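Data block below; observations after.
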Amino acid sequence: MKSSIIDSIKSLPPLSKTILDINMIYANENSSIHDLAKIIEHDPMIVANLLKAANSPLYSFGREIRSVAHAVSLFGMSMTRSIALGNSIRKLLNVDMQPYGITPERFAEVSHIQAMLMLNWYKQINKEKSDKLYLAAFLQETGKIVISSEIIQEDESISFYSEIETSNDLAMVEKSYVDVTTADVTAAVFSHWGFDKEFIEMIKYADNPSAAPEEVQEYSMALHIVKTIVPINKPFSEVAINIGLRQAAEAGYNHQLLENSIHNILENLKR
């Protein structure tokens, strides 16, 4: 990993007290949804993003959600934590996605879509694993923020974007410019912030699941398939869907379950 990227990661500010409190409540089996809502209510930015997500067509709750308590009760502790983490981290990292040709808002939206596709797909396979994978899918593209900053500093935004725009392998383009992929950088970011080893490793190998340790290989493969189908440059393109479905079949998944989940998410996005 380039020394400039390592330095950028080392200089990242710590996570906010609200996020640390959310993680503490999530880790405490005696905590309740009410405890989580009380913490979130003290952070206006998290409140705004949580309510925005709750009223998004992606989640199809069917009525306007106006209170934090209601949103948290609908999402549950795992999804609430994921949404709070994702939005807070993007704010902390000062997002500028110009080299990837998208706005910060679109980047956040695609992260939501990846997470929702993962949840819709994997809850049909294993509910416990789906909760772990939802958070990882929601945050797995975080490293792109650091890579984007590096590309801007090197004044290579135009050439980088020209390759990203048409590529079906974003990791390969990233590797050619900064010697690492998003998965490498994201893993390093969350290692810096002290996340658990399993979470870090499932993301670290998401660009190369065959190299993953056996205990996280399934998770890394699932993350790889989801971001193949929903890449930030052209989510749900026909080519992306076909490649992702082929990868799922080769990995031994029932590709029909994944195909149904893709259909469900696309239908929600039309609303």
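Read left to right, the sequence shown gives residues 907 to 1177 (this note's numbering).
Glycine residues also receive a C-beta, built at the ideal position from the N, C-alpha and C atoms.
Model, not experiment: these values are computed from the prediction.
Assigned exposure category for residue i - 16 Cβ within 10 Å defines buried
i, result
"MET1108", "buried"
"ILE1064", "exposed"
"ASP913", "exposed"
"ALA954", "exposed"
"ASN1032", "exposed"
"ALA943", "buried"
"ASP1090", "buried"
"GLN1020", "buried"
"LYS950", "For clarity, residue 950 is Pro in the given sequence; the question names Lys instead. The residue in question, PRO950, is exposed, as its Cβ has fewer than 16 Cβ neighbours within 10 Å."
"ALA1056", "One detail in the question is off: residue 1056 reads as Glu in this sequence, not Ala. So GLU1056 counts as buried."
"THR1072", "exposed"
"VAL974", "buried"
"LYS1176", "exposed"
"PRO1115", "buried"
Residue i in three-state terms, based on DSSP
i, result
"GLN1046", "coil"
"LYS944", "helix"
"PRO1115", "helix"
"LEU918", "coil"
"GLN1059", "helix"
"PRO950", "helix"
"THR1009", "coil"
"THR1072", "coil"
"PHE1096", "helix"
"LYS997", "helix"
"PHE1101", "coil"
"SER938", "coil"
"ILE971", "coil"
"PHE1142", "coil"
"ALA1089", "helix"
"LYS1033", "helix"
"LYS908", "coil"
"SER1017", "helix"
"LEU1163", "helix"
"ASN1170", "helix"
"LEU957", "helix"
"ASP1002", "coil"
"ARG1177", "coil"
"GLY1158", "coil"
"LEU964", "coil"
"VAL1136", "coil"
Member of the options whose CA lies at the smallest distance from the CA of residue i
i, options, result
"LEU991", "VAL1079, HIS1169, PRO920", "PRO920"
"GLU947", "ASP1061, ARG972, LEU1023", "ARG972"
"SER1017", "ASN1032, GLY1007, ASP1037, LEU1041", "LEU1041"
"ILE989", "ILE915, GLN1046, GLY1100, ASP1061", "GLN1046"
"TYR1111", "LYS1133, TYR932, ARG969, LEU957", "LYS1133"
"LEU998", "ALA933, VAL1052, ASN1170, ILE1057", "VAL1052"
"TYR1006", "TYR1083, PHE981, SER1167, ASN1026", "TYR1083"
"GLY982", "TRP1027, LEU964, ASN961, TYR932", "TYR932"
"ASN1074", "ALA959, GLN1030, PHE1142", "PHE1142"
"PHE1096", "THR986, LEU1039, THR1048, ARG1012", "THR1048"
"LYS1035", "SER1116, GLU1124, PRO1137", "GLU1124"
"ILE995", "GLN1004, SER984, ALA1014", "ALA1014"
"ILE1058", "LYS923, GLY1150, ASN1166, VAL1001", "VAL1001"
"LYS1038", "LEU980, PHE1105, LYS923", "PHE1105"
"ALA1077", "PRO1137, LEU1023, SER1126", "PRO1137"
"ALA1154", "LEU1129, ALA1118, ILE1171", "LEU1129"
Alpha-carbon to alpha-carbon, residue j and residue i
i, j, result
"MET907", "ASP1085", "6 Å"
"GLU976", "PHE967", "Checking the sequence shown, residue 976 turns out to be His, not Glu. When rounded, the distance between both Cα atoms is 11 Å."
"VAL1079", "THR1088", "10 Å"
"VAL978", "HIS1098", "28 Å"
"ASN1190", "ILE1131", "Limits of the chain in this structure are 907 at one end and 1177 at the other, which puts residue 1190 out of reach."
"ALA959", "SER984", "14 Å"
"ILE1149", "ILE1135", "7 Å"
"TRP1027", "GLN1004", "31 Å"
"ALA1094", "ASP1113", "14 Å"
"ASP1061", "ILE1070", "15 Å"
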